[in-house]
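Working notes, beginning with the structure itself.
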């Protein structure tokens with residue numbers, strides 16, 4: 027499983043065990059864009 031830059035960044039900040047089982051697609055740049063625009 028390839029871990030993207032966004033997911034690596036989140037894994038360093040957020041200590042959540044469920045992130046290890048989440049698919050890497052949900053941590054793409056679109057998710058960060060939507061979170062910042064909200």
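Residue numbers (my numbering): 27 to 64. Backbone N, C-alpha and C fix where the C-beta goes; we use that ideal spot for every residue, glycine too. This structure is a prediction, so every number in the text was calculated from the model and none was measured.
- Per DSSP, reduced to three states, the secondary structure at residue 40 is coil, with no helix or strand assignment.
- Where residue 56 is concerned, the enclosing alpha helix (DSSP H) starts and stops at 55-63.
- Take the alpha-carbon of residue 45 and the one of residue 37: they are about 7 Å apart.
- Under the three-state reduction of DSSP output, residue 49 falls in the coil class, being neither helix nor strand.
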